[in-house]
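What follows is one structure encoded as structure tokens, with my remarks underneath.
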Amino acid sequence: YFFVTETWLTDQTNHTTATLKSYGYKIYHTHRPDRTGGGVGIIYKSSVKLYKILVEAQPSFESISVKVKLSDNSTIFCTCLYRPPGPILNFLTEFDDFIGNVFSKYKHFPVPCEDTTA
């Protein structure tokens with residue numbers, strides 16, 4: 002699996018997604034419909050059992066969440082998260098809400114996957 006931030010993709014079907022599919026990969030991503038830049042995505046082999054999870058959006062960060070079914074039939078809950086530059090106060094509160102909502106609804110503690118160099 003690859004967790005990608007700043008995808009800059011503009012919709013669900015484009016040259017990038019078509020190229021990934023031609024190599025046996027799928028991509029689950031979100032984009033910014035109202036402006037360029039940003040976006041998060043998860044690239045994975047077509048053979049992987051990946052289930053999209055809808056989690057309430059938060060204004061201070063972009064995220065997508067999935068459950069991945071492992072070969073032993075257990076699952077892990079993963080989140081690809083991107084926090085654009087800006088004040089961190091709202092992010093900390095909203096991230097705490099996000100973690101709490103995910104845990105109470107899915108009984109999983111999400112594994113945040115983010116670009117730590119940003």
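Under this note's numbering, the first residue of the sequence shown is numbered 2, with each subsequent residue one higher.
Heads up, the beta-carbon is just placed ideally off N, CA and C, and yes, glycines get one too.
So, is residue i buried or exposed, given that buried needs 16 or more other C-beta atoms within 10 angstroms?
| i | result |
| --- | --- |
| glutamate 57 | exposed |
| tyrosine 45 | buried |
Would residue i and residue j qualify as a contact pair, given that the criterion is a beta-carbon distance under 9 angstroms?
| i | j | result |
| --- | --- | --- |
| tyrosine 83 | serine 64 | yes |
| isoleucine 28 | isoleucine 43 | yes |
| valine 103 | threonine 76 | no |
| phenylalanine 78 | lysine 68 | yes |
| threonine 37 | threonine 18 | no |
CA-CA distance, residue i and residue j?
| i | j | result |
| --- | --- | --- |
| glutamate 95 | serine 105 | 15 angstroms |
Which residues bound the alpha helix (DSSP H) around residue i?
| i | result |
| --- | --- |
| glycine 90 | In the sequence on display, residue 90 carries leucine and not glycine. From DSSP, the alpha helix (DSSP H) with leucine 90 extends over 90-107. |
| serine 23 | 16-23 |
State the start and end residues of the unbroken beta strand (DSSP E) segment that holds residue i.
| i | result |
| --- | --- |
| histidine 30 | 26-31 |
| leucine 71 | Leucine 71 -> no beta strand (DSSP E), and no H or E assigned at all. |
Using DSSP's beta-bridge definition, name the partner residues of residue i.
| i | result |
| --- | --- |
| tyrosine 52 | Lys68 |
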